[in-house]
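Residue numbers (this note's numbering): 27 to 421.
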Amino acid sequence: MALPTKRRRRSTLLTGAVLAVALASVTSACGSGPSNPGPVRNDAATNNRPAQPKVAAQPLTVSSISPASGASGVATDAVLTVTYSAPLAGMPPTPTLDPAVVGNWTKQGNTLSFTPSGGWFPLASETVTIPPGATAMIGGAKATSTSPTTSTFTVAAGSETRVEQMLAELNYLPFNFVPSAPLPGQATSALTAEPTTAATVSTSPLAGTLNWSWTNVPPTLRPLWKPGQANTMDKGAIMAFENDHGMKMDGVAGSGVWQALLNAVANRQTDPNIYTYLVASETLPETLTVYRNGAVVYTTKANTGVSGATTAKGTFPVYLRFKSTEMKGTNPDGTKYDDPNIPWVAYFNGGDAVHGYPRSSYGWPQSVGCVELPISNAAVVWPMDTYGTLVTVTA
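Following this line, the structure appears as structure tokens:
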């Protein structure tokens, strides 16, 4: 009876050994874990980590302004640019201009640009003030400009070509302006296409040319024309314009003349007089010829200065006029003269004038430098011999 019992116990022991090996195998497999274990979360360590410090916002500033502060001789068609230190998040507060100028502001990246509609006013001292409040994203944080920036520049003298264009459009010069391309709204002349507000009339030259408006140009007048350069024709036209607009006549296109020209163009205030040109010829018999719009409208005998008191040759604009005045001076022989009530006087060069004077004959040198005419003939010439009219004295 003992043998069977022992066999059962051995079987039990064997079975237990196998189970122990199996359990050991399972334990070994579990202990090794996965081949690429994930991070072990440590909630305590996570909760105790210090907060990251905030990044300080960088300031937004104006990096540059062009034209630069203190710049002079700035072109009338120059574009004003304001450059910030970072690309702008939106359109910033609009800068101010003093004196005010009509134009358009645009933004691209970190640059703000202003294009004046009619150009900067010649000789103006322009002050630009950039207010605070512009925004940009810098380093992931919003930055705002906080300080105003001011800059001042001076505009160049106006273009002589543009002065000539405006004078021609207003009929103060005998030219037609022909644009390189048709101007918007152009009808019968360039003037009809000009803006009707002085602030938007261009101060920069328009693309095009000035052509003589006459078929026949007096041969002594043509050489006086020097387009784009200050010349005697320009001076006479400016003087005529100044007189018509109640300004002091100096024949110079200063800031006052520029403003008046821009206003006149905008308001279509053309020359009330016909363009007139006088030629005094010392070829015997001496004569005075009056041209209007390029055509001879009147000729009369004349007297120029005697030896020792000759009439200066050249071309000069009329600068002073009297229906009647007293003339005093010194004769070539040293004696004095005092002639009251000299009629129809138009001074063109110092003391030289076209005027009436009673003589027994005309056509040869008899005066003390003036261009004398028969009194009745002088009465015909004087209404045409207006301020700024050019008088040429030639051999």
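Ideal placement from N, C-alpha and C gives every residue a C-beta, glycine not left out.
Following the DSSP letters along the chain, one finds Val407 inside the alpha helix (DSSP H) bounded by residues 401-407. The continuous beta strand (DSSP E) containing Ser139 extends over residues 137-142. Of the candidates Phe348, Tyr345, Tyr317, Ala306, Ala306 places its Cα closest to the Cα of Ala338.
Between Ala150 and the set Ser350, Gly262, Gly99, the nearest pair of CA atoms involves Gly99. Scanning its chain for C-beta atoms nearer than 8 Å, with the 5 sequence neighbours on each side dropped, one finds around Tyr317 the residues Pro244, Leu247, Thr302, Tyr303, Leu304, Val305, Val323, in chain order. Rounded to whole angstroms, Ile368 and Ser387 show a C-alpha spacing of 17 Å. Residues Pro343, Gly414, Leu416 of the same chain have their beta carbon placed closer than 6 Å to that of Gly262, with the five preceding and five following residues left out of the count. Taking a 10 Å sphere around the C-beta of Met192, we find 16 or more other C-beta atoms and assign the residue as buried.
Between Leu236 and Phe201, the gap from beta carbon to beta carbon is short of 8 Å. If you draw a straight line from the Cα of Gly129 to the Cα of Val407, it comes to about 48 Å.
In the structure shown, Val332 adopts coil according to DSSP, grouped into three states. Note: Tyr373 is bridge-paired with Leu346, Ala379 in the DSSP secondary-structure output. Closest in alpha carbon position to Pro113, among Gly145, Thr137, Ala216, is Thr137.
Distance from the CA of Val371 to the CA of Ala207, rounded to the nearest whole angstrom, comes to 45 Å.
Beta bridge pairing from DSSP links Arg318 with Thr302, Ala321. In this structure, the alpha-carbon of Leu123 lies about 11 Å from that of Trp146.
Under the three-state reduction of DSSP output, Val283 falls in the helix class. Here the C-alpha atom of Leu310 lies approximately 19 Å from the C-alpha atom of Tyr383.
By the 16-neighbour rule on beta-carbons within 10 angstroms, Asp364 is exposed. Per DSSP, the beta bridge partners of Leu416 are Tyr303, Pro343.
Residue pairing for Thr155: DSSP places it in a beta bridge opposite Thr122, Thr176. Taking the Cα of Thr178 as reference, the smallest distance to any Cα among Ala233, Thr420, Glu186, Val108 is reached at Val108. In summary, Ala321 is exposed, with fewer than 16 beta-carbon neighbours lying within 10 Å of its beta-carbon over all protein chains present. Here Ala421 carries a coil assignment [DSSP, helix/strand/coil]. Take the alpha-carbon of Lys252 and the one of Gly234: they are about 16 Å apart.
The shortest CA-to-CA distance from Arg347 to any of Asn357, Ala335, Phe374, Thr326 is the one to Phe374. With a 10 Å radius around the Cβ and a threshold of 16 neighbouring Cβ atoms, Ala421 comes out exposed. In this structure, the beta-carbon distance from Pro298 to Asp260 does not fall below 8 Å. Secondary structure of Gly254 (DSSP, three-state): coil. If you draw a straight line from the Cα of Pro121 to the Cα of Thr175, it comes to about 9 Å.
In the three-state scheme derived from DSSP, where H, G and I count as helix and E and B as strand, Asp270 is classed as helix. DSSP lists Phe140 as the bridge partner or partners of Leu106. In this structure Ala216 is in contact with Pro205, their Cβ atoms being roughly 6 Å apart against a cut-off of 8 Å.
Here Glu312 is near Gly389, since their CB atoms are less than 8 Å apart. Classified as buried, Arg188 has 16 or more neighbouring CB atoms from the shown chains inside 10 Å of its CB.
Non-local beta-carbon contacts of Val88 in its own chain, meaning distances under 8 Å to residues more than five positions away in sequence, involve Val108, Thr109, Tyr110, Ser111, Ile156, Ser171, Thr175 in chain order.
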